[in-house]
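The sequence shown begins at 3 in our numbering and counts up one residue at a time.
All C-beta atoms, glycine included, are put in the ideal place defined by N, C-alpha and C.
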Amino acid sequence: MNAHEARIVLEAALLTAQQPLSLADMDKLFGGEFDRGVLQALLDELSRNWEGRGVELVCLASGWRFQSTPAMRTYLERLNPDKPVRYSRAVLETLAIIAYRQPVTRGDIEEIRGVTVSTQVIRTLEERGWIETVGHREVPGRPALLATTRTFLDDLGLRSLQELPPLANGNAAPLPLELELPMTHAALIPGADAGAVAPAAKPIESSSSWMSPVS
3 MNAHEARIVL
13 EAALLTAQQP
23 LSLADMDKLF
33 GGEFDRGVLQ
43 ALLDELSRNW
53 EGRGVELVCL
63 ASGWRFQSTP
73 AMRTYLERLN
83 PDKPVRYSRA
93 VLETLAIIAY
103 RQPVTRGDIE
113 EIRGVTVSTQ
123 VIRTLEERGW
133 IETVGHREVP
143 GRPALLATTR
153 TFLDDLGLRS
163 LQELPPLANG
173 NAAPLPLELE
183 LPMTHAALIP
193 GADAGAVAPA
203 AKPIESSSSW
213 MSPVS
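Here it is in structure tokens:
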């Protein structure tokens, strides 16, 4: 298989995949025929080929995928009149604390927020796939340690936690109140679920220092 043929196969796989494709997935796609360097070169070329269009190839925490560009959102929203799921401030503040202070226990979150964290808040974040248990603190009761997932990063369009908005003066950086999946190629596939296309995200506005980094 030459480079042109490989690029066509890779493009088709990315356009029809329901989840981002990792380099390991691509290696499986080609039966190990190409090394990672060649795969990366193919991805770079595909990315350049799609520049200036309404869809772009992006690299996220769990792999590569095609998604609509921000400029297309206004138009695509017209095809999806359903309002996206909105999350309470308690849910989003809890998520923000976990994102910036992870790993943390439920008790840590309660101490920072100054209020009890309900089981439903944690369950909501777990069911959405944004947080998971990554261990237990070795203290009496061995409380679960919570951290964010790759899905959380994917839904924010990030490749790593280092790309989260930086903290400034001990205050929380903006974090969307409406986390959403960008419109992906799935909207073009009959029967596929493209996810909610939400309005422009609003930041969490806070003058407190509860988001300051762990020393």
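- By the 16-neighbour rule on beta-carbons within 10 angstroms, residue 116 is exposed.
- Cβ contact annotation for residue 42 (same chain, cutoff 8 Å, sequence separation greater than five): 25, in chain order.
- Put simply, the backbone Cα of residue 4 is about 26 Å away from that of residue 54.
- One alpha carbon belongs to residue 162, the other to residue 83, and they sit about 32 Å apart.
- A residue is called buried when at least 16 other Cβ atoms come within 10 angstroms of its Cβ; residue 65 meets this threshold and is buried.
- With a contact defined as Cβ atoms closer than 8 Å, residue 134 and residue 128 qualify at about 7 Å.
- Residue state for residue 128 is assigned as helix, using DSSP reduced to three classes.
- Where residue 154 is concerned, the enclosing alpha helix (DSSP H) starts and stops at 152-158.
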